[in-house]
Amino acid sequence: MATLLLKLVGPIQSWGSRSRFDHRDTEREPTKSGVLGLVAAALGRDRSEPVDDLAQLRLGVRVDREGTPATDYQTAQNVIKASVTREQWRRAREKRKTTGTQDTVVSRRHYLADAAFLVGLEGDAGLLEKVELALHNPRWTLFLGRKGYLPGEPVYFPEGGVAKDGLETALAYGPLLIDPSEQGTHVRYAIELDPGCRASLPWQVRELWDQPLAPFAERRFGARLVGEIALPWGEVPQCT
Numbered sequence: 001m002a003t004l005l006l007k008l009v010g011p012i013q014s015w016g017s018r019s020r021f022d023h024r025d026t027e028r029e030p031t032k033s034g035v036l037g038l039v040a041a042a043l044g045r046d047r048s049e050p051v052d053d054l055a056q057l058r059l060g061v062r063v064d065r066e067g068t069p070a071t072d073y074q075t076a077q078n079v080i081k082a083s084v085t086r087e088q089w090r091r092a093r094e095k096r097k098t099t100g101t102q103d104t105v106v107s108r109r110h111y112l113a114d115a116a117f118l119v120g121l122e123g124d125a126g127l128l129e130k131v132e133l134a135l136h137n138p139r140w141t142l143f144l145g146r147k148g149y150l151p152g153e154p155v156y157f158p159e160g161g162v163a164k165d166g167l168e169t170a171l172a173y174g175p176l177l178i179d180p181s182e183q184g185t186h187v188r189y190a191i192e193l194d195p196g197c198r199a200s201l202p203w204q205v206r207e208l209w210d211q212p213l214a215p216f217a218e219r220r221f222g223a224r225l226v227g228e229i230a231l232p233w234g235e236v237p238q239c240t
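UniProt numbering puts the sequence shown at residues 1 to 240.
What follows is the structure in structure tokens.
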């Protein structure tokens, strides 16, 4: 196994796992579906194409700088609702023409400001080398979780990002993404747990529904277990 390291740094990032219609949430760190979506864009894979090979990669995140949570409110008028029939929509349109009123929907979009994440993908070395090459010259524009949220700097490391180490070791010893003056005594990790791992305290384990089960166009995701822990800088997270 090998590990590919990416740096996800930007003024705005949003990594939703439960977004629906007028409410777009964000997790505190990049989701697996979001990171693999970025990788698929670099490779030039259409949303209708399979991502089974990418889904087998194991994801881990080192949070060099926690993002500041923020909420943006946006409005849209005359939104077509799935529960409305064509005839009902036609009547509403005619009413708007005669009365001049508009149906306005307010959406809440949550995001993280000024976050810095070191992300690791562990898996087949050959696949990771192809991904790294694509990140240097992506087929499509790369976004930090949501369209329009551009990286503040290249997501790849010029000196090479594929390490022969396992995920936990690669993250612990990976390059620092912030100024040393910003470092605290501890750093937080969020790591996809191996099936055989029985994480106990001080690990905090949560379930995220961001494991792709089909092409992204089908929007079908399964659950995966993510272990979260804060450790002194340079200490390797270990789950036994």
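Note that CB positions come from ideal geometry on N, CA and C, so glycine has one too.
Cα-Cα separation, Gly196 to Trp203: 15 Å
Unbroken alpha helix (DSSP H) run spanning Gly37, endpoints: Secondary structure note for Gly37: its alpha helix (DSSP H) is the uninterrupted segment 32-43.
Val131 vs Ala42 beta-carbon contact at 9 Å: Using a Cβ distance threshold of 9 Å, Val131 and Ala42 count as a contacting pair.
Per-residue burial, Trp15 [other beta carbons within 10 Å of its own, 16 or more giving buried]: buried
Test item: CB-CB of Asp165 and Tyr156 under 9 Å: no
Alpha helix (DSSP H) segment containing Tyr173, residue limits: 167-173
CB contact flag (Arg224, Gln211, <9 Å): Closer than 9 Å, so yes.
Own chain residues within Cβ distance below 6 Å of Tyr189, not counting five before or after: Arg62, Ile229, Pro237
Assigned exposure category for Leu128 - 16 Cβ within 10 Å defines buried: buried
Residue closest to Gly123, alpha-carbon to alpha-carbon, out of Gly60, Arg65, Arg139: Gly60
C-alpha gap between Leu121 and Asn137, whole angstroms: 19 Å
Close Cβ partners of Ser33 (< 7 Å) along its chain, the five nearest in sequence each way excluded: Asp210, Pro212, Phe221
Nearest candidate by alpha-carbon position, reference Leu57, set Glu66, Leu144, Gly37, Arg91: Gly37
Straight-line Cα distance separating Ala170 from residue 246: Nothing in the structure corresponds to residue 246, since the chain is present only between 1 and 240.
Those runs of the beta strand (DSSP E) which lie wholly inside the region 119-192 and span at least 3 residues: 186-192
Anticipated Cβ contact below 8 Å, Pro215 with Glu94, distance rounded: With 8 Å as the limit, Pro215 and Glu94 do not qualify as a contact, their Cβ atoms being about 39 Å apart.
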